[in-house]
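Novice: Chains C and Z, in that order, give the protein sequences. Residue 157 in my numbering is what sits at position 126 of the first sequence, and the numbering runs on without skipping anything. Residue 271 in my numbering is what sits at position 240 of the second sequence, and the numbering runs on without skipping anything. We treat Cβ as the ideally placed atom computed from N, Cα and C, and that holds for glycine.
Protein chains: 2
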Amino acid sequence: MPDKIIRMRRFEGEASLRPVMLAIAGDSASGKTTLTGGLVDGLGSDRCVAICVDDYHKFDREERKDQPFTPLHPDCNYIDIMEQHLQLLALGRPILKPVYDHSTGSLTRPEYVEPKEFVIVEGLHPLSTKLTRACFDVTVFLDPPEDIRRDWKVKRDTAKRGYTPEQVCADLEAREPESESFIRPQRRHADIVVRFAPITSRNDSADIPLSAELMLRPTIQHPPLNRLLSDDNKTMHLEIVRDRDGTPTDSLHVHGHASAEEAGQLEKAIWAELNEEGGPPPRIGEIEPGERSEPLALTQLILLYHLLQARE
Amino acid sequence: MPDKIIRMRRFEGEASLRPVMLAIAGDSASGKTTLTGGLVDGLGSDRCVAICVDDYHKFDREERKDQPFTPLHPDCNYIDIMEQHLQLLALGRPILKPVYDHSTGSLTRPEYVEPKEFVIVEGLHPLSTKLTRACFDVTVFLDPPEDIRRDWKVKRDTAKRGYTPEQVCADLEAREPESESFIRPQRRHADIVVRFAPITSRNDSADIPLSAELMLRPTIQHPPLNRLLSDDNKTMHLEIVRDRDGTPTDSLHVHGHASAEEAGQLEKAIWAELNEEGGPPPRIGEIEPGERSEPLALTQLILLYHLLQARE
Numbered sequence: 032m033p034d035k036i037i038r039m040r041r042f043e044g045e046a047s048l049r050p051v052m053l054a055i056a057g058d059s060a061s062g063k064t065t066l067t068g069g070l071v072d073g074l075g076s077d078r079c080v081a082i083c084v085d086d087y088h089k090f091d092r093e094e095r096k097d098q099p100f101t102p103l104h105p106d107c108n109y110i111d112i113m114e115q116h117l118q119l120l121a122l123g124r125p126i127l128k129p130v131y132d133h134s135t136g137s138l139t140r141p142e143y144v145e146p147k148e149f150v151i152v153e154g155l156h157p158l159s160t161k162l163t164r165a166c167f168d169v170t171v172f173l174d175p176p177e178d179i180r181r182d183w184k185v186k187r188d189t190a191k192r193g194y195t196p197e198q199v200c201a202d203l204e205a206r207e208p209e210s211e212s213f214i215r216p217q218r219r220h221a222d223i224v225v226r227f228a229p230i231t232s233r234n235d236s237a238d239i240p241l242s243a244e245l246m247l248r249p250t251i252q253h254p255p256l257n258r259l260l261s262d263d264n265k266t267m268h269l270e271i272v273r274d275r276d277g278t279p280t281d282s283l284h285v286h287g288h289a290s291a292e293e294a295g296q297l298e299k300a301i302w303a304e305l306n307e308e309g310g311p312p313p314r315i316g317e318i319e320p321g322e323r324s325e326p327l328a329l330t331q332l333i334l335l336y337h338l339l340q341a342r343e
Numbered sequence: 032m033p034d035k036i037i038r039m040r041r042f043e044g045e046a047s048l049r050p051v052m053l054a055i056a057g058d059s060a061s062g063k064t065t066l067t068g069g070l071v072d073g074l075g076s077d078r079c080v081a082i083c084v085d086d087y088h089k090f091d092r093e094e095r096k097d098q099p100f101t102p103l104h105p106d107c108n109y110i111d112i113m114e115q116h117l118q119l120l121a122l123g124r125p126i127l128k129p130v131y132d133h134s135t136g137s138l139t140r141p142e143y144v145e146p147k148e149f150v151i152v153e154g155l156h157p158l159s160t161k162l163t164r165a166c167f168d169v170t171v172f173l174d175p176p177e178d179i180r181r182d183w184k185v186k187r188d189t190a191k192r193g194y195t196p197e198q199v200c201a202d203l204e205a206r207e208p209e210s211e212s213f214i215r216p217q218r219r220h221a222d223i224v225v226r227f228a229p230i231t232s233r234n235d236s237a238d239i240p241l242s243a244e245l246m247l248r249p250t251i252q253h254p255p256l257n258r259l260l261s262d263d264n265k266t267m268h269l270e271i272v273r274d275r276d277g278t279p280t281d282s283l284h285v286h287g288h289a290s291a292e293e294a295g296q297l298e299k300a301i302w303a304e305l306n307e308e309g310g311p312p313p314r315i316g317e318i319e320p321g322e323r324s325e326p327l328a329l330t331q332l333i334l335l336y337h338l339l340q341a342r343e
């Protein structure tokens, strides 16, 4: 793979290679791990490493019971160490990352992480400070409607983390003020805001995947979708909108009922804008093994576009 | 304590204060913890933090059984992370330090360490690379005779770490080639080499503390002992010698039977060379609670002299 290595960025006289860094921020159970999984699959684990920065907890589950805040509060996390570790990774250096075991709620033996060509950083707080944001080439915020996120969280925390539905709902309520103060404000620092949701004007049946609405902010250079998308495409369209704060931005809608063929055509067209051999990676768009979503696949493809483009 | 803070070193435009860093290197059971303890007592834990860099083990005790080397081998340790953390501390930054639990032999939850005015770093490898050495203002190597170190190690590892004497002896034998290759070579990078040993020409009884031989290399500026020590002092003397490699160095001998009064006089004279209020700290020189050694006290006092002098 010497050509790949040569394409990694290196400043003159510098020994370590600087990876391309992507942040995926969002509240608990907003879909970060699902989105990340497809990107790692698409790039291959030999070129890509993904870490979760929720491991920078100061307290274990037992100790948190005596604390006046939830894990969403910055004071509940070693934000300064997270900043330090993100800076080190961005410089191509290894870190000894703390590890929080979600299944037991305990802090355990740390893990040695070496950056690869691409580093994906997902979690509650990756965009929370100016220093962390400066480490990233591309930043994403996951912004599902609250009712959908609640469903996802109840489903996951009861299945995988040993909580009862009542505990999860109480937890969501306790976390709400800190979600508002510390998680949702990161949205405005993202280059791309991703919302998976049903289209309110349609009554899609439950087996239709959620649609995706991607806010593509002009803070980075996106693929030329206005050129690539034909006007008569009924399941994917691009429009200029104003964001909540009034700033202009592109908004891409990909309907849940978009066909694999339609989505595949746009994916190929986006991929052709890159100087890459071969076509787009085949293994993206999986919600769970066997369950596929074209809106998810297109979202992941656009992120892969940015990661590959950022190397140059 | 505003005056103390002002005296901490800060480079123009830099936010964090840089601590004075002391390394105490030496083989297992060479007396590092005892020496460090008196320094922390002397400075006060509000001004001083001590860390042990043997926590940077890659493997726990169980995993090490399958490894072809002992913990003395650099490949058994995250030397790169140790370098990184020492650099961060030297810059006044906090670290999330790994923790190795000697009583169970397992790697556990890491520990947040913020540098204070003084940082003491003891362990097997603090002087093992050029980058680590560059972090220190003062460097010490503990160099007891092997038979004394063996006694200390058997005593400690059976009392505190749950080994049998036979296991400790087998361990010492297994470690010997790596002691030679990786631990003892650090001796030549130390500003001060400390050897606690009986004086071979005397037959001191067992209740007389060991004498100290301090090699004071001209790599840092030592207190003017040749002026401070009178020629008729029979229990402490200074001479110029050649080190093993032929380089000239000062050698200070403090006899185990030196009286508290004699040692105290020299301590006061050394202390007077500093711009410090009050006298030398009273709580140094303890081998164990209630057991005092004047050679240890003087060794610690000379190190305190260097730490305080290095701030300026």
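Name, going along the chain, the residues of the stretch 118-141 of chain C whose beta-carbon falls closer than 8 Å to a beta-carbon of chain Z.
Specialist: Going along the stretch 118-141 of chain C in chain order, one finds L119, R124, P125, I126, L127, P129, S137, L138, T139, R140, P141 with a Cβ nearer than 8 Å to chain Z.
Novice: With a threshold of 7 Å on Cβ separation, who are the neighbours of H104(C) within its own chain once the five nearest residues in sequence on each side are excluded?
Specialist: Excluding sequence neighbours, H104(C) sits near E209, F213.
Novice: Identify each residue in the stretch 97-121 of chain C for which the Cβ-Cβ distance to at least one residue of chain Z is less than 9 Å, and report them in chain order.
Specialist: The stretch 97-121 of chain C vs chain Z, Cβ under 9 Å: Y109, D111, I112, Q115, H116, L119.
Novice: Counting only Cβ pairs nearer than 9 Å, list the residues of chain B close to Y336(C).
Specialist: Reference to chain B is not applicable here, since the protein chains of this structure are C and Z.
Novice: By DSSP, does N257(C) sit in helix, in strand, or in coil?
Specialist: Three-state result, N257(C): helix.
Novice: For G273(Z), collect the residues of the same chain with a Cβ closer than 8 Å to its Cβ; drop the 5 residues on either side in sequence, then sort them by chain order.
Specialist: In the sequence as presented, Gly is not what sits at residue 273(Z); that position holds Arg. Cβ neighbours of R273(Z) beyond the five flanking positions: P279, T280.
Novice: What residues in its chain sit with their C-beta under 7 Å from that of Y131(C), if we drop five residues either side in the sequence?
Specialist: The residues are D85, D86, H88, L138.
Novice: On the DSSP bridge assignment, give the partners of G309(Z) in chain order.
Specialist: Its beta-bridge partners do not exist; DSSP assigns none.
Novice: Can you tell me whether R314(C) sits near the ligand SAH, meaning its C-beta is under 7 Å from at least one heavy atom of the ligand?
Specialist: Ligands displayed in this structure: none; no statement on the ligand SAH is therefore possible.
Novice: How about L74(Z) and F149(Z): are their beta carbons less than 8 Å apart?
Specialist: Cβ atoms of L74(Z) and F149(Z): closer than 8 Å.
Novice: List in chain order: all unbroken alpha helix (DSSP H) runs of 4+ residues lying wholly within the stretch 236-281 of chain C.
Specialist: Here the runs fully enclosed are 256-259.
Novice: I'd like to know if Y194(C) contacts chain Z, where contact means its C-beta is closer than 8 Å to some C-beta of that chain.
Specialist: Not closer than 8 Å to any Cβ of chain Z, the Cβ of Y194(C) fails to qualify, so no.
Novice: Kindly list the residues whose CB is nearer than 6 Å to the CB of V51(C), restricted to its own chain and excluding five residues on each side of it in sequence; keep chain order.
Specialist: Excluding positions up to five away in sequence, the list reads F149, D168, L338, A341, R342.
Novice: Have a look at P196(C) and T189(C) and give me their C-alpha separation to the nearest angstrom.
Specialist: Each residue's Cα considered, the two are about 6 Å apart.
Novice: Is it right to say I333(C) is buried, meaning 16 or more other beta carbons lie within 10 angstroms of its own, or is it exposed?
Specialist: That one is buried.
Novice: Is the distance from the Cβ of E114(C) to the Cβ of T170(C) below 8 Å?
Specialist: Their beta carbons are not under 8 Å apart, which means E114(C) does not touch T170(C) by this criterion.
Novice: Could you check the C-alpha separation between H284(C) and P102(C) for me, to the nearest Å?
Specialist: Looking at the two C-alpha atoms, the distance is approximately 33 Å.
Novice: Could you spell out where the alpha helix (DSSP H) holding T67(Z) opens and where it closes?
Specialist: Segment 63-74, the alpha helix (DSSP H) holding T67(Z).
Novice: Taking all protein chains shown into account, do 16 or more other C-beta atoms lie within 10 angstroms of the C-beta of A328(Z), making it buried, or fewer, making it exposed?
Specialist: The residue in question, A328(Z), is buried, as its Cβ has 16 or more Cβ neighbours within 10 Å.
Novice: For C107(C), which of helix, strand or coil comes out of DSSP?
Specialist: Correct three-state label for C107(C): helix.
Novice: What whole-angstrom Cβ distance do L259(Z) and A300(Z) have, given they're in contact under 8 Å?
Specialist: Yes, they are in contact, since the Cβ atoms of L259(Z) and A300(Z) sit about 4 Å apart, within 8 Å.
Novice: Exposed or buried, which one is I223(C) when buried takes at least 16 other CB atoms within 10 Å?
Specialist: Label assigned to I223(C): buried.
Novice: Would you mind sorting R49(C) into buried or exposed? The rule is 16 or more other CB atoms within 10 Å of its CB.
Specialist: R49(C) comes out buried.
Novice: Does I112(C) pass the burial test, meaning 16 or more other C-beta atoms within 10 Å, or should it be called exposed?
Specialist: It counts as buried.
Novice: What does the Cβ neighbour count give for Q252(Z), buried or exposed, with the cut at 16 atoms within 10 Å?
Specialist: When all chains shown are included, Q252(Z) counts as exposed.
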